[in-house]
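Please read the structure below before turning to the comments.
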Ligand code: ADP
C-alpha cells in the first residue's frame, strides 16, 4: 500500500470515528432534550390534576383564598399558615409520584409580583419554574402556583444513566480499538518494509554468485574434458539451466521491489514485437524441451512496431510462457500468436494446461495471489509474476485479459495500442 492510500485509510478511519463520536454526542443531547420535554409534560399534567382535585374541596379553596388575601406575611414572603397549604403540597407530591417523579421541589403561590413560599426551598424564579393559574379555583385574579425542581438536571442524568454510561463506554472502546489497530498496522507496515528490504538485499547478494556459477559452468562445458565426457556435459548443462532459473527468480524479486517503489526506470524505444517474442521464446526453450512440449507460432505478415522497454517486455512475455510450462502438467502445447486488431496489436499466448476457474481469473493478477483451491498443482512460485506483467503492461498503455477453461487450457491476450496513440 503506498503512502497516499495509507494516509487516506487512516484519515478515513479517523473521520469515521469523529463522525461516530459526533453522532453519539448528538444522540445523547437529543435524548436529554426528550427526557426534559417528557418531564415538563408530566409535571404540567400532575399540576393540572392536583388543582382539579383541589377545586372539588370548596372548604380548602376558601382557606387558601383567605390565607392569600389575609396572611400579612404574604408580602414578606413568609408563610404563616402552612397547615392550609399542606393538602396542596401532598396532592402535588402524590400526582408527581404517579409519573415516577420522586424529586424534591419548591412550591410557591404568586399573586401579581408577590410570592408566598410554601416549602422551605429557595430559587422560585427562572425558566425552570412550572407555573399554573389558580384564578378559576380561588376566584381571584392574577394568582398562580409555581413549582421548581432544583435537582432536575441530576434527575435527568440519573434517568439516562445506563444510556449515558453505555455511550461513554462505547466511545472509549471505539477510541481504544482505533488506537490499537493503528499501532498494529504501523508495526506491520514497518515489519513488511524490513522484510522487503531483507529480501531485496538477498536477491542482490545472489547476483554475483549466480553469474560466477554461470561462468564456471560455461567454462566446464567448453573444457576438453567435457567435450570427451557426455556426463560432464550433461551435468554442466543442468547447472546452467538451474542457475538460469535461480537468476529469473531473483530478477523477479528485484523487479517487484522496483515496481513497488515506483522506480522501475523504463527505457522506451521503438521495438519490433516479433523480435521480442522470439527472444522470450528462446529463453524458455530449454523448459519446453525438458517437458517434451511444443511451441506453435503464428505471426501475421508485416512489422509490429511498438514503443516499449526491451528488457521489461521480454520478461513479461517470458513470465507468461514460463507459466504456460509450469501449469501444463500433462501435455505441453504452447501457442504464440501475433496479429493486428482494431485497437492496435494483439499478442496471444495459449496453452492446453490445467486452466483457471472463472472466480480466479481476475485475482491471479493481484500481488502474491496464487490459486490454492484444491491444491491441484504443487508448482512453486511467489504469486508475483502476473502482477509484474500487469504493471509493466500498464506502463506501456497495454492491457491483458485471460480466457480459460478448467482442464482445457488458458489464453492470455495482450493488447498494445498503435504507436501514434501512446
Ligand atoms: P506464480 O506462478 O509464481 O504462482 P503468477 O502471478 O505468475 O505467480 O501466477 C498466479 C497464479 O495464476 C498461479 O499461482 C497459477 O495458479 C495461475 N496461473 C498463471 N498462469 C497460468 C496458466 N497459464 N495456466 C493455469 N494457471 C495459471
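Residue numbers (this note's numbering): 292 to 713. Just so it is clear, CB atoms sit at the ideal spot from N, CA and C, and this is done for glycine as well. The model shown is predicted, which means the values in this text are computed figures rather than measured ones.
>> Assuming residue 438 and residue 476 are in contact, meaning their beta carbons sit under 8 Å apart, how far apart are those beta carbons, in whole angstroms?
In response: Incorrect: roughly 57 Å between the Cβ atoms, too far for contact.
>> For the pair the region 455-469 and the region 378-386, tell me if three or more CB-CB distances fall below 8 Å.
In response: no
>> Run through the DSSP bridge pairs and tell me what residue 561 is partnered with.
In response: 598
> Which partner residues of residue 424 appear in the DSSP bridge assignment?
Replying inline: 435
> Does the ligand ADP have a heavy atom nearer than 7 Å to the CB of residue 519?
Replying inline: no
> So residue 544 and residue 491 are in contact, right, with Cβ under 8 Å, and what is the actual spacing, rounded?
Replying inline: 7 Å
> DSSP on residue 631, reduced to helix/strand/coil?
Replying inline: strand
> Three-state secondary structure (DSSP) at residue 499?
Replying inline: helix
>> Taking 7 Å as the cut-off, is the C-beta of residue 672 nearer than that to any heavy atom in the ligand ADP?
In response: yes
>> My output table needs one value for residue 404: the three-state DSSP class, helix, strand or coil.
In response: coil
>> the ligand MN and residue 677: does any heavy atom of the ligand fall closer than 7 Å to the residue's C-beta?
In response: In the structure shown, the ligand MN is absent; the only ligands present are the ligand ADP.
>> Taking 8 Å as the threshold (C-beta atoms), are residue 584 and residue 641 in contact?
In response: no
> Span of the alpha helix (DSSP H) holding residue 696?
Replying inline: That residue, residue 696, is in no alpha helix (DSSP H); its beta strand (DSSP E) goes 690-696.
> Beta carbon of residue 603, beta carbon of residue 660: below 8 Å?
Replying inline: no
> Hey, is residue 662 close to the ligand ADP, as in C-beta under 7 Å from one of its heavy atoms?
Replying inline: yes
> Helix, strand or coil: which one does DSSP assign to residue 687?
Replying inline: coil
> Shortest alpha-carbon distance to residue 566 belongs to which of 605, 484, 329 and 631?
Replying inline: 605
>> My output table needs one value for residue 672: the three-state DSSP class, helix, strand or coil.
In response: coil
>> Which of the three DSSP states is assigned to residue 581 in this structure?
In response: helix
>> Since residue 512 and residue 524 should fall inside the 8 Å C-beta cutoff, what is the C-beta to C-beta distance between them, to a whole number of angstroms?
In response: 6 Å
>> Per the DSSP calculation, residue 621 is bridged to which residue(s)?
In response: Looking at the DSSP assignment, residue 621 forms no beta bridge with any residue, so it has no partner.
> Which partner residues does residue 638 have in the DSSP bridge list?
Replying inline: 629 and 705
>> Since residue 629 and residue 564 should fall inside the 8 Å C-beta cutoff, what is the C-beta to C-beta distance between them, to a whole number of angstroms?
In response: 6 Å
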